[in-house]
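Under this note's numbering, the first residue of the sequence shown carries the number 9, and numbering increases by one thereafter.
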Amino acid sequence: MSAVTYLARALDTPTNPFEDGPGALRAEEVALEVRDGTIVGRRALVPGEKAVATGEVVDLRHGVLLPGMVDTHVHFPQVRAIGGLGMPLLDWLERCALPEEARLADPGYAEEVADEFLDGLARAGTTTALVFGSHFASAVDALFERAERSGLRITAGQVLSDRMLRPELHTDPATAAAEGAALIERWHGAAGGRLRYAVTPRFSLSTSEAILRVCEELLHSRDDLWFTSHINENLREISTVAELFPTCQHYLDTYARHGLVGPRSVLAHNVIPGEDELRLLAASGAAVSHCPTSNAALGSGMFPLRRHLDAGVQVALGTDVGAGAGFSMLKEGLQAYYLQQLLGAEGVPLTPAHLLYLATGAGARALGLGEQVGDLGVGKQFDALWLVPPTGSTLDTALRHAPGDSDRLARIFVLGTPADVAATWVGGRLVAGHAPASTTHTPRSTHVHART
Ligand SMILES: Nc1nc2[nH]cnc2c(=O)[nH]1
Ligand SMILES: [Zn+2]
9 MSAVTYLARA LDTPTNPFED GPGALRAEEV ALEVRDGTIV GRRALVPGEK AVATGEVVDL
69 RHGVLLPGMV DTHVHFPQVR AIGGLGMPLL DWLERCALPE EARLADPGYA EEVADEFLDG
129 LARAGTTTAL VFGSHFASAV DALFERAERS GLRITAGQVL SDRMLRPELH TDPATAAAEG
189 AALIERWHGA AGGRLRYAVT PRFSLSTSEA ILRVCEELLH SRDDLWFTSH INENLREIST
249 VAELFPTCQH YLDTYARHGL VGPRSVLAHN VIPGEDELRL LAASGAAVSH CPTSNAALGS
309 GMFPLRRHLD AGVQVALGTD VGAGAGFSML KEGLQAYYLQ QLLGAEGVPL TPAHLLYLAT
369 GAGARALGLG EQVGDLGVGK QFDALWLVPP TGSTLDTALR HAPGDSDRLA RIFVLGTPAD
429 VAATWVGGRL VAGHAPASTT HTPRSTHVHA RT
């Protein structure tokens, strides 16, 4: 891949606004020089500057460029189950999610769902995702095969359970160990490290000690595998787990005592955590994936962000498709804002910079990719989404009349949808939508040759 210079009105958060304040928002008209997918140069432009670079130039300045979104919790098999409203978690699982997940026993069905799932991520501007896989090894293979072709950065794994779901979703220790080892061997580190494996018990409610011990063996079979599961989402779930694990101090202990909680662990929800669980999460370096639309849809509760931040727990965002309301991380950021507003004095006032960080840099760091992705600085991959709202749309109007950069970003979170994402790149490769034709500037000539 040769060098391309993108001219863009870029918004990103290279530092953490929870530490540096809303000043962490960087809003610049820039020339980003990208070579082999890496941003090798970044130069602020005088607004409206004309011919600015030699070589291939792509002018994106009639839209807004954001870093690619990082979704830290999203279920591959549930894309066709989105929109199941009116039920709390365990009823929703039984009546909405699990019947759909059982259909992925059919490899052809799983392949179709994998395509819809990855397409949904890319169209929403998501470039990196920690994906809750399928109970069926064949479906996990289908997901990784499609993910390899998609160009997206996918960490995923086989979901393991042996009780309380549906018989066809249950496994046994020997099968889980053999299938997990084969999937790790085949996929962990594939596509130049763009694909990684995560050991994934569904949750302790449906995963016995025997399977959690298999998770422990699998996780420690390599030194760089990932771990993800659910925790503390719903009161009935939590009380059931306490009955099933009477010797555990708390829900997190059911994972921690098998060595499953560490710096490469991401736990979804944690809506109703105990103080000792927050302390253990912070001490272990694990991250929590906050899934706002899912928590609201299932009536799970109001995420205690303040308590997580005070305890020093890493927090990132997840869509939790299909309990969540689709692939849009903009919608998750907006819902996170609403939840904290509704918490009043106990809430955390979130500025647009906080929302952008939660949807990009926080997820990158939670997934150990903070050096590679999460913002549009020199040395990072060109993982980006280009927002171009339809002319005359409300977002188009709102952006044209935004009084400042932070307002522009706020309006993107309030009004932006995947339909406004005109293009998505991963490592400089277009993975969704269309980019403008590049023009080639040669140092000698003054005219340019448009290239399709
Ligand atoms: N939101 C959510 N919580 C879960 N806990 C166990 N499985 C699930 C799931 O599929 N979605
Ligand atoms: Zn989930």
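All residues carry an ideal CB built from backbone N, CA and C; glycine is no exception. Please read these numbers as outputs of a predicted model, since none were measured by experiment.
Proximity to Trp100 across Val329, Thr163, His409 and Leu325 peaks at Val329, based on C-alpha coordinates. Gly270 and Gly352 have their C-alpha atoms spaced approximately 32 angstroms apart. Secondary structure in the region 382-427: the alpha helix (DSSP H) runs of 4 residues or longer, each lying completely within the stretch, are 402-408 and 413-423 in chain order. Going by beta carbons, Thr301 and Gly341 fall outside the 8 angstroms limit. Beta-bridge analysis with DSSP links Gln349 to no other residue.
Note that the C-beta distance between Gly92 and Gln389 is not below 8 angstroms. By the rule of a C-beta closer than 6 angstroms to any heavy atom of ligand 2, the residues picked out are His81, His83, Phe140, His238, Ala276 and Asp328.
According to DSSP, residue pairing for Tyr14 in a beta bridge involves Leu40 and Val66. Val429 is positioned such that its CB atom lies no closer than 8 angstroms to that of Arg161. Classified as exposed, Leu350 has fewer than 16 neighbouring CB atoms from the shown chains inside 10 Å of its CB. Within a 10 Å sphere around the beta-carbon of Lys58 sit fewer than 16 other beta-carbons, which makes this residue exposed. With a cutoff of 8 angstroms on beta-carbon distance, Met337 and Ala372 are scored as not near each other. Here the distance from the Cβ of Glu176 to the nearest heavy atom of ligand 1 is not below 7 angstroms.
Distance between Gly293 and His449, taken at the CA atoms: about 48 angstroms.
When rounded, the separation of the alpha-carbon atoms in Val78 and Gly31 is 21 angstroms. In terms of Cβ geometry, Leu138 and Leu375 form a close pair [threshold 8 angstroms]. Apart from the 5 residues on each side of it in sequence, Thr23 sits with its Cβ closer than 6 angstroms to the Cβ of Ala32 in its chain, given in chain order.
Counting along the chain, Gly441 sits inside the beta strand (DSSP E) bounded by residues Arg437 to Gly441. In the three-state reduction of the DSSP assignment, Gln322 falls in the strand class, which pools E and B.
If you look at Ser336, you'll find it isn't in any beta strand (DSSP E); DSSP assigns it neither H nor E. When the five nearest sequence neighbours on each side are left out, the beta carbons in the same chain lying within less than 7 angstroms of the beta carbon of Asp404 are those of Pro397 and Pro398, in order along the chain. Apart from the 5 residues on each side of it in sequence, Leu213 sits with its Cβ closer than 8 angstroms to the Cβ of Met172, Glu245, Thr248, Val249 and Leu252 in its chain, given in chain order. Judged by DSSP secondary structure, Ile219 falls within the alpha helix (DSSP H) whose first and last residues are Glu217 to Leu227. Between Phe421 and the set Val439, Arg437, Leu395 and Ala440, the nearest pair of CA atoms involves Leu395. Per DSSP, reduced to three states, the secondary structure at Ser146 is helical. DSSP places Phe140 within a strand segment (E or B) once states are collapsed to three. For Tyr14, the closest C-alpha among the options Asp180, Glu36, Arg315 and Arg265 is that of Glu36. At least one heavy atom of ligand 1 lies less than 7 angstroms from the C-beta of Glu241. Comparing alpha-carbon positions, the option among Met310, Arg265, Gly116 and Pro175 lying closest to Arg154 turns out to be Gly116. Taking the Cβ of Ser414 as the reference point, every heavy atom of ligand 1 lies at 7 angstroms or farther away. Sequence-distant partners of Glu109 (beyond 5 residues in either direction) whose C-beta falls short of 6 angstroms from its own C-beta, in its chain, are Pro85.
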